[in-house]
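Contents: one structure, followed by commentary.
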Amino acid sequence: MRLIASFLVAAALSLRIRHGSSFSTVRLSSRGRTTAVGTVPSSPSLVPIVPVRGRRVPASLTFSRNTPMSVPLATTRTDHETPKSPNALDNIKASISQTAAMKAFQPYIRIESEADKKNVQLFTFFRVAIPAVVIGTLATLLFPGLALTLATLLNDAGVFAVLSQDSSQFVQNFLTVAGLLFSILVGQTYYFMYQQQESVYYALFNEVTEAKSLLEQVALVCQGRSMYRRCLESISRYVQEDLKRLQADPAVLLSARPVDDPLESIMYMTSVGVPSTVYETVRSLRQARAARLGALQRKLPAAHMWLLWILAAIELSSFPLLGAGTQAIGGYKILTVEGILFGVMTAGIVLTLRVVGELWRPAGGAYNVDAVLSVMVRGLEEELAGRMKGQRGYITPGWSPSPVRGEMVDMPTSSSERDVLRKPFSSNGNSTSMDNTVLREQGPNLVVAGQRTWHFIRTLQSAWRRKD
């Protein structure tokens, strides 16, 4: 009997939900409390009994859709606040270290003008060029001293003869092997990093395109309903809390799912009993998000970059040894010339490794996707803000899916838009006596039908009089 009663209660609930205005679910926490996701018509006779920890606790269905949303589990509110403008000290740090630039310009570098683009280019140039010039200058100044120190330690004419003429070709072979290993490893690393950046660009373009498609579909399905603003707010939260976060760990973003997932909220608000047509767009957007997170995930560990620097130091260590042999022939002046060449070569190697380091980090420089993401997100945010204010980007306002009268009270419109909507017009641009607001209705009503009938009767009367 208990099984039959449970089946009858479930059937009654399914009928009530199917004929309701919106689809919703009830989530139970470990204490048996409910978290509202939608609005369900409730009745004391249709309260289900849900077992929680061995007890039978009634799950209340009397809740409101206006329940405030909580902060996601994986983030805090400080993570999504608008970043303050960096000061002069932050700019100096950003021009030296890319890590400092990532911290100063969280969650990403905002590009709003050509001056911002030039600043990013200059910061990247300084981060790459300044360490290379400084280390190259130090190498030029220290090379003669290192060569003379090694010559003092060796202090053997036979050793000097072998090193100066390289009769055994041992040092030459050592330099060849070290240079070959360094060039292969650095070249492959650069190519791999460049491919990863390319995949990030493709993934971001795909995800932003899907987000725009979701925005257009939500406007088509939900405009004129009370949930329209909440759907737009969910898309805005997705952009702010997920799409912009280039510096967050992609694995954490994928695994630590927030309690109030904005995409899931859109699905619940737009579904009635079964998933709506928005489900396919949300599914495509999740796939694009997964592609973006996979492209942003670091494939090479930090130890790989350390090994590159160690290999570069091994390659450069052979040159002071050769200088210790040549000083026996040319003296200190030849060490000065070799020191200049050694400094130029050291600066070139440091420059190459700094470029690879810029590609290795996900954000903070001209080699990253900050500039492109800033432009794409700014356009999406402007469209979201315009739609939440009631502005429409259509050529003819009457073509947009508009609500029934009285359902857009919380969607204010600008004065210029109201003037356009009140201005009579026709398809050929000439003025007509028909009000433009007729085109904004979801369907005909009695007033519109009466106006059109009266206009038709007056037209027939005028034609009959002209005939007489």
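In case it helps, mature numbering (1 follows the signal peptide of the UniProt record, and there is no 0) puts the sequence shown at residues -22 to -1, 1 to 446. The C-beta atom is built at its ideal place from N, Cα and C for all residues, glycine as well.
Going by beta carbon distance, what residues of the same chain come within less than 8 Å of residue i, once the five residues before and after it are set aside?
i           : result
Tyr169      : none
residue 527 : Residue 527 lies beyond the stretch modelled for the chain, which goes from -22 to 446, so this question has no answer here.
Trp287      : Leu331
Assuming residue i and residue j are in contact, meaning their beta carbons sit under 8 Å apart, how far apart are those beta carbons, in whole angstroms?
i      : j      : result
Phe121 : Leu313 : 7 Å
Ala302 : Ala125 : 5 Å
Tyr336 : Val106 : Rather than Tyr, the amino acid found at residue 336 in this sequence is Glu. With a Cβ gap of about 7 Å, Glu336 and Val106 count as contacting.
Tyr216 : Pro240 : 4 Å
Met205 : Trp338 : Between Trp338 and Met205 the Cβ distance is about 44 Å, and since that is not below 8 Å, they are no contact.
Ala344 : Gln99  : 5 Å
Val355 : Lys190 : Their Cβ separation, rounded to whole angstroms, is 11 Å, which puts Val355 and Lys190 out of contact at 8 Å.
Arg207 : Met366 : 6 Å
Cys209 : Val196 : 5 Å
With a 10 Å radius around its C-beta and 16 neighbouring C-beta atoms as the bar for buried, classify residue i as buried or exposed.
i      : result
Asp388 : Caution applies to Asp388, whose pLDDT of 44 falls short of 50 and renders its modelled position unreliable; the value that the coordinates give is listed next. Looking at its Cβ environment, which holds fewer than 16 other Cβ atoms inside 10 Å, Asp388 is exposed.
Ser440 : exposed
Gln305 : buried
Glu188 : buried
Thr115 : exposed
Val333 : buried
Val155 : exposed
Asn346 : buried
Thr167 : buried
Tyr372 : With a pLDDT of 43 at Tyr372, under the threshold of 50, the modelled position of that residue is not reliable, and the figure given next carries that caveat. So Tyr372 counts as exposed.
Ala363 : exposed
Ala280 : exposed
Leu159 : exposed
Ile213 : buried
Leu263 : buried
Ser352 : buried
Gln147 : exposed
Thr431 : exposed
Gln173 : exposed
Ala290 : buried
Gln201 : buried
Val112 : exposed
Gly317 : buried
Leu131 : exposed
Thr437 : exposed
Leu192 : buried
Could you check the C-alpha separation between residue i and residue j for me, to the nearest Å?
i      : j      : result
Gly321 : Ala269 : 43 Å
Phe183 : Gln265 : 13 Å
Ser296 : Ala325 : 16 Å
Lys311 : Ile292 : 25 Å
Leu128 : Leu319 : 19 Å
Arg267 : Glu185 : 6 Å
Leu119 : Gln225 : 39 Å
Thr102 : His282 : 22 Å
Ser161 : Glu360 : 46 Å
Ala273 : Asp134 : 57 Å
Gly428 : Trp442 : 21 Å
Thr248 : Leu198 : 11 Å
Leu358 : Val250 : 28 Å
Ser177 : Asp227 : 17 Å
Glu242 : Leu285 : 44 Å
Go through its chain and collect everything with a Cβ distance to residue i's Cβ below 7 Å, but skip five positions before and after it.
i      : result
Met245 : Pro253, Val256, Tyr257 and Val260
Ala117 : Phe320, Gly321 and Thr324
Pro109 : Val328 and Arg332
Ser298 : The amino acid at residue 298 is misidentified as Ser; the sequence shows Pro. Hits under 7 Å: Phe121, Leu124, Ala125 and Leu128.
Tyr179 : Val347 and Val350
Thr330 : Val164
Between which two residues does the alpha helix (DSSP H) harbouring residue i extend?
i      : result
Ser243 : Pro240 to Thr248
Pro122 : Glu92 to Leu132
Lys277 : That residue, Lys277, is in no alpha helix (DSSP H); it is neither H nor E in DSSP.
Arg332 : Tyr310 to Trp338
Lys190 : Phe148 to Cys200
Met354 : Asp348 to Met366
Ala229 : Pro228 to Ser233
Arg208 : Tyr206 to Tyr216
Keeping to the same chain, check which residues put their C-beta closer than 6 Å to that of residue i; ignore five residues upstream and five downstream.
i      : result
Leu232 : Leu271
Asn151 : none
Leu153 : Ser296
Gly157 : Glu293
If we cut at 9 Å on Cβ distances, does residue i have a partner in chain D?
i      : result
Arg264 : In summary, chain D is missing from the structure at hand, where a single protein chain is found.
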